[in-house]
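A.B. asks:
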Amino acid sequence: MIRKAFLTICGAGMLLSAQAQTPKVYTIQADKIKTPIQKTMYGIFFEDINQAADGGVYAELIKNRSFEFNMPLMGWDEQKKDGGDGRVEVINRAAERPENAHFIKAYVTSETGAFGLENEGFRGGTGIKEGEGYSFSVMARQSEGNVKVNIELRGDNDAIIGKAEIDPTDKDWNRYNVKFTSSATSKKAKIFVWLSGKGVIDLDMISLFPEHTWKNRPGGLRADLVQKLADIKPGFLRFPGGCIVEGRELNTRYQWKKSIGDIDKRTNIINRWNTEFAHRPAPDYYQTFGLGFMEYFMTAEDIGASPLPILNCGMACEFNTSEMVPLDKLDPYLQDALDLIEFANGDASTQWGKLRTDLGHPAPFNLKLIGVGNEQWGPQYIDRWKIFTKAIKAKYPEVKIVSALGPFPKGPEFDLLNKTFRSLGADILDEHYYASPKWFRENARRYDNYDRKGPKIFAGEYAAQSVVTGSPLNKNNWECALAEAAFMTGLERNADVVNMASYAPLFAHVDGWQWTPDLIWFDNLKSYGSPSYYVQQLFSLNKGTDVVPLTLNNESVAGQDGCFATASLDKNTNELIIKFVNTSATAQPVSFKINGGAYQKKANVITLHSDKGDTENSLENPKTISPVESTMVVSGKAVNTTIEAYTVQVIRLKNK
């Protein structure tokens, strides 16, 4: 249905003859700055959906490493070889260690052979690379006898591609580590933990990581996925979501204090996307919080992005349970917000600043933004928002608060919050829109008439849907990405109102997704950016520092003949940047008449293009749609060119 609409809109262009057309003349007032562009203009939104964290960017290869899933042995199978025998018991120590209540007691009952456990990894196997070093660790204590631990990786055709041995000797809990190298690559390898030598041993926190993580941090993040984020050069990183901030109910909300510190003291919970969609059940989807708030802050710092944490405001997801905390019981939630700011910005003389320092980061994270609630709506949200805003502003007046406007771009829920928060002088309003490509093309002027003196806008979640919002049939195709690019010209043109924007969701495992479309796709070994990824990257890398007017017949370019455009200056590189999006089926001869500046004769050009709206990238063909660089000749103060059909093009002109 959406594809048909795309062809109908573009079909008018097909009626034009192929003969040369008179170029349309676009005027660029390069000597007239309209508004600065914030460094935060284009950012990224992370949520643990689609196996984004565990089994994704968090590089742990063992599923259910601490036996804290609702079924403690989920992901584990008992195995025997060479006449070995034994059994395991799951021990509950909740009174002693409520945050890590379970461990296993393994009984090895045979003198020969081996008894053990196989871990299935994520999505039916574990990605192992030839020549890669791996670090295995386990918490263990000998209860009886002298049980040895042998690690074995089996690749294709059950071949052994890596192995190592640990000899735990302590009668008390201790961590043991060993490193080894894989001899082959396997996308779905099997991991075995073999126990030999008659006796009894207790095991917990069974872990396997590649040595080459992002920044080579032990127990860190998957390098190829974080690199794709760094390659966007985002202005901000929003975390940890999304709907997981809320939880289906308050017990499964995200609690940042449980996501920092010792890895074995971070409380596991079920992921709210575990059972969200009947068409994509994920009963083994949990959150270990190995990727926690400390890691989020550090990753933001690594990639040069401002951190934007979003916190629960005492309300669970209103699409699910609508559970909420009474207003007079909000203090713990408020304290979490105040303590988080202290954790991010406080010095070592403060309680939470000292904790950050003790965790290895004495410098502050320079937190300037914080979100109160995710997609809440209704008067109950307004009541809680007032309490949070008063408390945060009283102690940290310099911190700007991001306020939700609900899940929809219009309607009674949106209107109530928009009107109320504007009247209360809110800092930043968070608008979300998941809609058809047609909606994105038609709403490129959405912010043209917004109040210039009112709150700033955060386009916090958006993505064009090829079928319908929430459909498992949605595709990350070029039609959607092209429509998003058209819409983004309107965001940038209105940078005096729109200060931030981020596509969502960010990551998706090809075998473990719940929602599509998504920006970056991956399997256990490889990853690729969707066409939408390259649109986001193109705009972020070429945003410039200041918007200048680009007009056609004294009007902004927002859909005339299917074309959309914006222009900016980059004071850092002394360049004029033109972004032009042609969503029509016809090549567009254009002439950009530039007022102000004197330009070199050669301009750099970056192009995204496909002849077909249903074109996608894939693991096999990751760059079917990706940037192509070229140059063009500039004649005086005019740029004369032809923008092909279905094309996003950036032209950068250097001042002499």
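Sequential numbering from 664 applies to the sequence shown in this note's numbering.
By construction, the Cβ of each residue, glycine as well, lies at the ideal position given by its N, Cα and C atoms.
Nothing here was measured: the structure is a model prediction, and the numbers come from that model.
Quick one: using the 10 Å Cβ neighbour count with 16 as the cut-off for buried, is residue 735 buried or exposed?
C.D. replies: buried
A.B. asks: With a 10 Å radius around its C-beta and 16 neighbouring C-beta atoms as the bar for buried, classify residue 772 as buried or exposed.
C.D. replies: exposed
A.B. asks: Candidates 940, 983, 922 and 1265: which alpha carbon is nearest residue 953's?
C.D. replies: With distances taken between Cα atoms, residue 953 lies closest to 922.
A.B. asks: So, is residue 929 buried or exposed, given that buried needs 16 or more other C-beta atoms within 10 angstroms?
C.D. replies: buried
A.B. asks: How about the stretch 1255-1263 and the stretch 1280-1287: do they share at least three Cβ pairs that are nearer than 8 Å?
C.D. replies: no
A.B. asks: What is the DSSP secondary structure of residue 1063, reduced to helix, strand or coil?
C.D. replies: strand
A.B. asks: What's the call for residue 720, buried or exposed, on a 16-neighbour Cβ count within 10 Å?
C.D. replies: buried
A.B. asks: If you reduce the DSSP assignment to three classes, tell me which class residue 666 lands in.
C.D. replies: Reliability fails at residue 666, whose pLDDT of 34 lies under 50, so the model's placement of it is uncertain and no value is given.
A.B. asks: So is residue 1063 buried or exposed if we call it buried at 16+ other beta carbons inside 10 Å?
C.D. replies: buried
A.B. asks: Please return the same chain residues whose Cβ sits closer than 8 Å to the Cβ of residue 696, not counting the five positions on each side in sequence.
C.D. replies: If we look at residue 696 and ignore the five residues flanking it on each side, its Cβ neighbours are 1209, 1210, 1211 and 1232.
A.B. asks: Quick check on the DSSP output: the alpha helix (DSSP H) that includes residue 958 runs from which residue to which?
C.D. replies: 956-965
A.B. asks: For a test of the three-state rule: what should DSSP assign to residue 1116, helix, strand or coil?
C.D. replies: Correct three-state label for residue 1116: coil.
A.B. asks: Quick one, are the C-beta atoms of residue 749 and residue 858 less than 8 Å apart?
C.D. replies: With contacts defined as CB atoms closer than 8 Å, residue 749 and residue 858 qualify as a contacting pair.
A.B. asks: Using only the alpha-carbon positions, how far apart do residue 995 and residue 1001 sit?
C.D. replies: 10 Å
A.B. asks: Which ranges does the alpha helix (DSSP H) cover as unbroken runs of at least 4 residues, wholly within the stretch 809-842, from first to last along the chain?
C.D. replies: none
A.B. asks: So is residue 974 buried or exposed if we call it buried at 16+ other beta carbons inside 10 Å?
C.D. replies: Buried: at least 16 other Cβ atoms inside 10 Å.
A.B. asks: What are the start and end residues of the alpha helix (DSSP H) that includes residue 1196?
C.D. replies: 1194-1204
A.B. asks: Which residue's Cα is closest to the Cα of residue 1318: 1305, 1266 and 1271?
C.D. replies: 1266
A.B. asks: If you drop the 5 nearest sequence neighbours on each side, which residues of the same chain put their C-beta closer than 6 Å to that of residue 674?
C.D. replies: Caution applies to residue 674, whose pLDDT of 37 falls short of 50 and renders its modelled position unreliable; the value that the coordinates give is listed next. There are no such residues.
A.B. asks: Check residue 976 in the structure and name its three-state DSSP category.
C.D. replies: coil
A.B. asks: To the nearest angstrom, how far is the alpha carbon of residue 830 from that of residue 812?
C.D. replies: 6 Å
A.B. asks: Can you give me the C-alpha to C-alpha distance between residue 1079 and residue 1041, rounded to a whole angstrom?
C.D. replies: Spanning the alpha carbons of residue 1079 and residue 1041 requires a straight line of approximately 7 Å.
A.B. asks: Kindly indicate which three-state DSSP category residue 879 falls into: helix, strand or coil?
C.D. replies: helix
A.B. asks: Expressed to the nearest angstrom, what Euclidean distance is found between the alpha-carbon atoms of residue 942 and residue 852?
C.D. replies: 27 Å
A.B. asks: As a quick exercise: from 783, 1222, 1097 and 746, pick the residue whose alpha carbon is nearest that of residue 723.
C.D. replies: 783
A.B. asks: Tell me which same chain residues have a C-beta within less than 6 Å of the C-beta of residue 768, skipping the five on either side of it?
C.D. replies: 752, 754 and 865
A.B. asks: Could you name the residues of the same chain whose beta carbon sits closer than 6 Å to that of residue 846, not counting the 5 residues immediately before and after it, in chain order?
C.D. replies: So the qualifying residues of the chain are 824.
A.B. asks: Do residue 1309 and residue 1214 come within 8 Å of each other at the CB atom, strictly closer than that value?
C.D. replies: no
A.B. asks: Which of the three DSSP states is assigned to residue 791 in this structure?
C.D. replies: strand
A.B. asks: With a Cβ-Cβ cutoff of 8 Å, do residue 706 and residue 900 count as a contact?
C.D. replies: yes
A.B. asks: CA-CA distance, residue 1314 and residue 1043?
C.D. replies: 48 Å
A.B. asks: Do residue 1160 and residue 1110 have their C-beta atoms closer together than 8 Å?
C.D. replies: When the beta-carbon positions are compared, residue 1160 and residue 1110 come within less than 8 Å of each other.
A.B. asks: Along the chain, which unbroken stretches of the alpha helix (DSSP H) at least 4 residues long are found entirely within the stretch 977-1040?
C.D. replies: 994-1008 and 1014-1021
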